[in-house]
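Written out below as structure tokens is the structure these notes cover.
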Amino acid sequence: MTLSLAPPRLLSRLRHPLSLATGAAILTVGVGAVLVVAAGTDPSTAWAALDEGMFGSPYSVGTSLNSAAVLALIATGFSVAHRAGLVNVGGEGQLCAGGLAAAATGLALPVQVPAAVGIPLTLCAGFLGGAGWAWIAALLKTRRGTSEVITTLLLNFVGAGAVSVAVHEEGLLRQQVTSSETLPQSQALAEGARLPLIAGAQSPATAIVVVAAVAVVVTAVVLRYTGTGLKLTSVGHSPAASARLGLPVSRLQEGGLAVAGGLAGLAGACLVASAPYVLAEHFSSGYGFTGLVVGLLARGSLTAVAAVSLLLGFLTSGGINLQLAAGVPASSVQIVQSVLVLLIAAAMLWSNRRAGGTV
Amino acid sequence: MSAVLDELAAGGVRLAVPLLLASAGELLSERAGVLNLSVEGMMLTGAFAGAAGALASGSAVVGVGAAVVAGLVVALLQAVLSVTLRADQIVTGITINALALGGTTYAARLWFGDGGAGSVPGFDPLPVPVLRDIPVLGPALFQQSALGYAAFAVTAVLAVAGARRTTWGLAVDAVGEDATTADRCGLPVRAVRYGVVLLTGATSALAGAQLALSEVHSFSDNLTAGVGYLAVVAVIAGRWRAWPTMLACLFFGTAQALQFAAPALGLHVSAPLLTTLPYVFALLAVSGLVGRSRAPSALTVPFVRGT
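Chains as they are written, first to last, in the working numbering: chain A, 1 to 359; chain B, 1 to 307.
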């Protein structure tokens with residue numbers, strides 16, 4: 001210890017997650033500034049546009065909150081499975097399966113269905129759809145020992161394909177084809193299956209924000225303070241030791257992955273039950289993958305899940321305005337986000353050394 | 001009927017060539033324990049650099065060179081992150097793909113303006129006399145561009161050089177199955193992993209260049225559109241062995257080509273269903289429902305000496 005080259009206290013402070021996050025943020029802002037200047041825009045104009053897109057109006061705040069909520073749901077699910085020692089790469093597919101199930105339910109409901117019945121039914125269908133999709137990977141893991149990383153990854157593409165098939169075939173969920181211009185998408189969901197707005201007509205924020213907040217808090221409490229949480233943690237640390245303690249290891253693993261899928265499916269159901277209330281190809285807009293990244297970066301902390309989701313949610317809608325108002329390509333926000341994630345991922349080894357233990 | 005079959009075979013092989021190239025590198029990389037989800041990003045960057053290089057220099061060959069250099073840069077980023085910094089391979093892979101998509105889209109806005117379509121010099125088909133007249137096989141194999149023939153050669157060389165019976169192939173497998181033991185036997189674990197990731201970068205970039213320079217002769221946003229992921233899936237479906245991986249690539253290519261040939265054959269198949277088929281097939285293969293399958297033990301596990 002005495003041979004350390006730099007003052008240990010300073011190094012330790014530098015390795016604190018907060019200082020790392022600050023460093024990564026500064027570097028990222030630098031990259032963003034370069035991109036803005038390269039596109040021939042004045043940085044102050046760009047900053048104003050970004051700020052306007054993030055916080056400028058009830059509309060922009062609402063949009064940001066909605067996307068943050070979708071990310072938070074997927075990342076929360078990821079954290080549950082992660083607690084049980086499983087890596088759920090399949091958020092995208094589970095989101096698709098959930099959206100599909102929710103759309104099928106919302107379309108089958110009678111037009112006059114009251115919201116008090118229609119919304120819970122649609123959301124439940126989404127949860128079950130996503131959970132069922134994840135269950136496939138869970139069974140392959142516990143029965144045949146196939147790595148869930150690979151199966152959930154593959155199921156993403158199958159899930160997206162299933163949505164495509166459903167919205168392209170009139171026999172399934174496609175709306176009635178009346179002309180060659182009819183889009184391959186479903187009809188609009190029944191009125192009673194649509195998520196209500198929560199912040200007045202000015203803001204597009206829907207009940208998904210509440211759903212996500214509840215999911216984060218409940219999951220945090222369950223994982224930290226209940227027997228179920230402890231059992232999941234035990235299985236995550238050592239399946240062999242947990243089995244000797246008499247824990248139903250397979251059931252816990254399957255349950256953990258199914259809940260992860262369920263929450264992603266719930267996110268999919270919320271997307272379908274928000275404007276424009278239809279199931280269409282690519283309705284997931286890659287949320288499943290971004291949600292996975294949020295979950296991995298948060299490393300099991302649900303506070304971090306909420307914080308990172310909000311950050312990425314606001315950045316995304318800020319980026320859209322950056323293109324609209326300042327003429328900077330929206331892809332620059334994608335670049336900035338990726339750089340931020342890569343920096344944090346790269347610094348993890350370094351910050352883990354702070355504790356002095358092996359990584 | 002035979003014209004349709006010719007077309008199906010030619011289309012299938014045409015769509016399989018980029019897959020073959022990318023998966024030839026990816027196979028070695030996964031066998032050595034590095035899951036390069038960033039194949040997609042390497043390919044897209046290669047396609048962009050290929051088109052940009054060819055447009056700037058007026059020579060398609062220079063374009064290929066630019067593509068390979070760009071692919072190597074992306075691969076170096078992936079290798080530093082997953083081998084040296086031991087960062088999570090799934091996060092970094094997916095994020096590098098997002099970075100490549102954002103980066104190429106952004107750069108295309110600045111450089112190509114409204115596409116620059118059609119003006120990018122590329123490779124034209126070079127039919128081999130006599131051989132091209134063989135029914136089905138002729139149009140499928142012997143009407144490639146120069147880059148296409150090179151792709152066959154690269155794939156074949158990598159399959160032979162990386163086979164389990166060569167020193168290289170054994171080293172790759174040893175590193176991917178049990179890095180600690182391999183290290184104790186004196187194998188340079190990190191160097192091997194760097195090597196295979198860089199190799200994947202080069203072959204994936206060639207695959208991207210093939211798409212941009214031999215197929216469409218231009219660059220458009222998200223040109224690869226998931227072909228890179230399909231190459232990773234082909235390796236999984238091929239159960240981490242060379243011949244089955246190549247067959248999987250051909251099968252995937254044919255499944256896609258069937259979309260275009262189906263009407264002529266009088267079949268009604270849903271196009272999205274055909275696109276999804278490869279993934280279902282890979283899922284069946286990897287879950288052991290079709291033959292036995294075992295992933296390399298150290299896949300996605302970083303190596304650190306002394307544990």
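Note that CB positions come from ideal geometry on N, CA and C, so glycine has one too. Predicted model, so just to flag it, every value in this text is computed and none were measured.
Following the continuous alpha helix (DSSP H) through residue i, name the residue where it begins and the one where it ends.
i      : result
L44/B  : V39 to S57
F260/B : A242 to L265
G268/A : V249 to V272
S44/A  : P43 to F55
A330/A : Run containing A330/A: none; DSSP gives neither H nor E here.
V167/A : E148 to H168
R143/A : A115 to R144
T226/A : Where T226/A is concerned, there is no enclosing alpha helix (DSSP H), given that its DSSP letter is neither H nor E.
L296/A : Y287 to A298
Q89/B  : Q89 to W111
E215/B : Per DSSP, E215/B belongs to no alpha helix (DSSP H) and is neither H nor E.
G195/B : V189 to A209
L19/B  : S2 to R31
S66/A  : Note that residue 66/A is Asn in the sequence shown here, rather than Ser. Run containing N66/A: P58 to R83, per the alpha helix (DSSP H) assignment.
S182/B : First, the amino acid is wrong: residue 182/B is Ala here, not Ser. Start and end: A179 to R184.
P278/B : A271 to V286
L328/B : Given a span of 1 to 307 for chain B in the structure shown, any question on residue 328/B remains unanswerable.
S179/A : Here S179/A belongs to no alpha helix (DSSP H), and DSSP marks it neither H nor E.
L230/B : V227 to A237
L100/A : G91 to A108
R244/A : P239 to R244
Give me the DSSP bridge partner(s) of residue i.
i      : result
A280/A : Q185/A
R174/A : S186/A
S145/B : P125/B
T206/A : L197/A
Leaving out the 5 sequence neighbours to the left and right, which residues in its chain are closer than 7 angstroms to residue i when beta-carbon positions are compared?
i      : result
S145/B : F123, D124, P125, L126 and S214
I94/B  : L37
V136/B : L5, D6 and A9
A207/A : L195, P196 and I198
I320/A : G53 and A330
A260/A : G77, F78, V80, A81, N88 and A134
L131/B : G138 and F142
P244/B : G238
L312/B : No answer is possible for residue 312/B: the residues shown for chain B start at 1 and end at 307.
A271/B : Q259
Spatial neighbours of residue i within its chain, please: C-beta separation below 6 angstroms, excluding the five flanking residues on both sides.
i      : result
V34/B  : S82, R193 and V197
V111/A : A190
V308/A : V294, L297 and A298
L258/B : L274
L310/A : A68
H282/A : none
V149/A : V87 and V89
F303/B : A179 and V189
V278/A : Q185, S186 and A188
A361/A : A query on residue 361/A cannot be resolved here, the shown segment of chain A reaching from 1 to 359 and no further.
L76/B  : none
By Cβ distance, which residues of its chain are closer than 8 angstroms to residue i, with the 5 residues on each side in sequence left out?
i      : result
N97/B  : L37, S38, E40, G41, L44 and G228
G58/B  : P121
R83/A  : L223, G229, L232, T233, G236, G256 and G300
L19/B  : A207, V227, L230, A231, A234, C249, F252 and G253
A174/B : T181, A182, C185 and L187
I90/B  : L35, L37 and T300
Is it true that the stretch 249 to 269 of chain A meets the stretch 72 to 90 of chain A, where meeting means three or more beta-carbon pairs spaced less than 8 angstroms apart?
Three or more beta-carbon pairs separated by less than 8 angstroms link the stretch 249 to 269 of chain A to the stretch 72 to 90 of chain A, which places the two stretches in contact.
Count the CB pairs spanning the stretch 298 to 306 of chain A and the stretch 63 to 79 of chain B that are closer than 8 angstroms, and state whether there are at least three.
The answer is no - the stretch 63 to 79 of chain B does not touch the stretch 298 to 306 of chain A, with fewer than three Cβ pairs under 8 angstroms.
Do the stretch 17 to 35 of chain B and the stretch 218 to 235 of chain B make contact, defined as three or more Cβ pairs closer than 8 angstroms?
Under the 8 angstroms Cβ criterion, the stretch 17 to 35 of chain B counts as touching the stretch 218 to 235 of chain B, having at least three qualifying pairs.
Counting Cβ pairs closer than 8 angstroms, one from the stretch 270 to 281 of chain B and one from the stretch 157 to 168 of chain A, do we hit at least three?
Yes, the stretch 270 to 281 of chain B is in contact with the stretch 157 to 168 of chain A.
Using a beta-carbon distance cut-off of less than 7 angstroms, what residues from the stretch 310 to 334 of chain A approach chain B?
Correct list: P329, S331, S332 and Q334.
Would the stretch 135 to 144 of chain A and the stretch 239 to 256 of chain A be scored as touching if the rule is three or more Cβ pairs under 8 angstroms?
Taking 8 angstroms as the limit for Cβ pairs, the verdict is that the stretch 239 to 256 of chain A does touch the stretch 135 to 144 of chain A.
The stretch 240 to 265 of chain B: which residues have C-beta closer than 8 angstroms to a C-beta of chain A, in chain order?
If the cut-off is 8 angstroms between Cβ atoms, the stretch 240 to 265 of chain B has nothing near chain A.
Can you find at least 3 beta carbon pairs, one from the stretch 77 to 92 of chain B and one from the stretch 260 to 267 of chain B, that sit closer than 8 angstroms?
Contact between the stretch 77 to 92 of chain B and the stretch 260 to 267 of chain B is absent, because fewer than three Cβ pairs lie under 8 angstroms.
Listed from N- to C-terminal order along the chain, which residues in the stretch 167 to 183 of chain B have their beta-carbon within a distance smaller than 8 angstroms of any beta-carbon of chain A?
Per Cβ criterion, the list is empty.
Using 8 angstroms as the cut-off, can you tell me whether the stretch 169 to 176 of chain B makes contact with the stretch 330 to 342 of chain A, which would need three or more C-beta pairs spanning the two stretches below that distance?
Between the stretch 169 to 176 of chain B and the stretch 330 to 342 of chain A, the count of Cβ pairs shorter than 8 angstroms is below three; the stretches do not touch.
Short of 8 angstroms Cβ to Cβ, which residues in the stretch 162 to 175 of chain A face chain B?
Only those residues of the stretch 162 to 175 of chain A whose C-beta falls short of 8 angstroms from the nearest C-beta of chain B are listed: A162, S164, V165, H168 and E169.
Pair every Cβ in the stretch 90 to 102 of chain A with every Cβ in the stretch 231 to 242 of chain A, then say whether three or more of these pairs are closer than 8 angstroms.
Short answer: they don't touch.
Closer than 8 angstroms, Cβ to any Cβ of chain B: which residues of the stretch 130 to 151 of chain A, in chain order?
Listed by position along the chain: L140, R144, T146, S147, V149, I150 and T151.
Quick one: which residues of the stretch 75 to 90 of chain A get their C-beta closer than 8 angstroms to a C-beta of chain B? List them in chain order.
Under the 8 angstroms Cβ criterion, the stretch 75 to 90 of chain A contributes V87 and V89.
Interface residues of the stretch 84 to 105 of chain B facing chain A [CB-CB below 8 angstroms]:
Those residues of the stretch 84 to 105 of chain B that come within reach of chain A (Cβ to Cβ, closer than 8 angstroms) are L85, R86, A87, D88, I90, V91, T92, I94, T95, I96, A98, L99, L101, G102, G103 and T105.
Which residues of the stretch 272 to 305 of chain A have a Cβ closer than 9 angstroms to any Cβ of chain B? Give them in chain order.
So the list reads E281, G286, F289, T290, L292, V293, L296 and L297, given in the order they occur along the chain.
Of the residues that make up the stretch 14 to 45 of chain A, which ones have a beta carbon closer than 8 angstroms to any beta carbon in chain B?
Listed in sequence order: L35, A38 and A39.
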